[in-house]
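Novice: The sequence shown begins at 27 in this note's numbering and counts up by one.
Once you've had a glance at the structure underneath, I'll fire off some questions.
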Amino acid sequence: MLRGEALESGGVVRVCGEEAQHAARVKRVMEGDVVELLNGAGVVASARVARIVKEGGVWALDARVEGVVRVERALPRVEVWSSAPKGPRLEDMIDGLSQVGCALWRPLLCERTVVDPREGKMSRLERVAVESAKQCAREWIMEIGGAIEFERAIDPAPGRRVLIADGAGEPGVPAGSAEVVVLLVGPEGGFSERELGVAGSIPRVRLGSHTMRIETAAVVGAAMLMGGACREAAR
């Protein structure tokens, strides 16, 4: 993953450090091999390895780009705004959301929210999203957004459809025709009665037959939305 790299056809790209070491020592990449390079912003390049060296204890890999493909973002854009689970479960959730194709996650602050990730934790989550993108070969890295309060999250916006994960809601998560679909997932204990009342007519959706942890509900909901979007696109 060469985050932010232009990756132009005919250019030579240098990969250094852990990325190069992983390619050489784990993936057993050799000079002359063709590898796939991604920049995390929709660009996928095929490149032929010209040289692999270890200089001053640091691995480096040079590759010449032979072809470039630009991949547009998938529509609808699926986002999950959820309360953050405790401990390492939050990082596991980010990894899972990235794997299923979620475009963005942001912390949702509710009356019963316990965890409010601070700057250091948010930076760590961005790194988790990058690592996950490399593992599952995502063309676009999942974004990590800033925290948002529930009342702001339910404000209507052009082209955006908001759904609330709630055990008393209708089964399934219809994506509809909106360009952006946002799934709100509450904290442990769920949304308060006041919050559900304020939400008014915003659709409530049931993700399954059983009560789920935050991280499970978030990933399941995102996967259902992505699956629904794929079915709509195939029609």
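No residue lacks a Cβ here, since even glycine has one placed at the ideal position from N, Cα and C.
From a predicted model like this one, the values you see are computed outputs, not experimental measurements.
Can you tell me which of the three DSSP states D88 falls into?
Specialist: Your numbering for residue 88 matches position 62 in the sequence shown. Here D88 carries a strand assignment [DSSP, helix/strand/coil].
Novice: So what does C42 bridge to, in DSSP terms?
Specialist: Residue 42 sits at position 16 when you count from the first residue of the sequence shown. A86.
Novice: If I follow the unbroken beta strand (DSSP E) through G195, where does it start and stop?
Specialist: Against the sequence shown, residue 195 aligns to sequence position 169. Element bounds for G195: R186 to P197.
Novice: Please tell me whether A244 and M27 are closer than 8 Å, where the distance is taken between their beta carbons.
Specialist: Residue 244 sits at position 218 when you count from the first residue of the sequence shown. Residue 27 sits at position 1 when you count from the first residue of the sequence shown. No.
Novice: Would C60 pass as a contact of A73 if the rule is Cβ separation under 8 Å?
Specialist: Within the sequence shown, the letter at position 34 stands for residue 60. Within the sequence shown, the letter at position 47 stands for residue 73. Note on residue identity: the sequence assigns Val, not Cys, to residue 60. V60 is a Cβ neighbour of A73, given a cutoff of 8 Å.
Novice: Where does L251 fall in DSSP's three states?
Specialist: Start at 1 with the first residue of the sequence shown, and residue 251 comes out as number 225. If DSSP states are grouped into helix, strand and coil, L251 belongs with the helices.
Novice: Using the C-alpha atoms, what's the distance from L189 back to E196?
Specialist: In the sequence shown, the residue the question calls residue 196 occupies position 170. In the sequence shown, the residue the question calls residue 189 occupies position 163. Distance between the alpha carbons of E196 and L189: 11 Å.
Novice: Run through the DSSP bridge pairs and tell me what E98 is partnered with.
Specialist: Position 72 of the sequence shown, counted from the start, is the residue given in the question as residue 98. Paired residue(s): none; E98 is not in a bridge.
Novice: Go through the stretch 46-83 residue by residue and report every complete run of the beta strand (DSSP E) that reaches 3 residues or more, in order.
Specialist: With a minimum length of 3 residues, the continuous beta strand (DSSP E) runs that stay inside the stretch 46-83 are 60-64 and 69-81.
Novice: DSSP on R230, reduced to helix/strand/coil?
Specialist: For this step, residue 230 is matched to residue 204 along the sequence shown. Strand, per DSSP.
Novice: Would you identify the three-state DSSP class for L135, choosing helix, strand or coil?
Specialist: Taking the sequence shown and counting its residues from 1, the one referred to as residue 135 is at position 109. Correct three-state label for L135: strand.
Novice: In this structure, how does DSSP classify S35 when only helix, strand and coil are distinguished?
Specialist: On the sequence shown, position 9 is the one that residue 35 refers to. Coil, per DSSP.
Novice: Are at least three pairs of beta-carbons, each pair with one atom in the stretch 197-211 and one in the stretch 86-94, less than 8 Å apart?
Specialist: no
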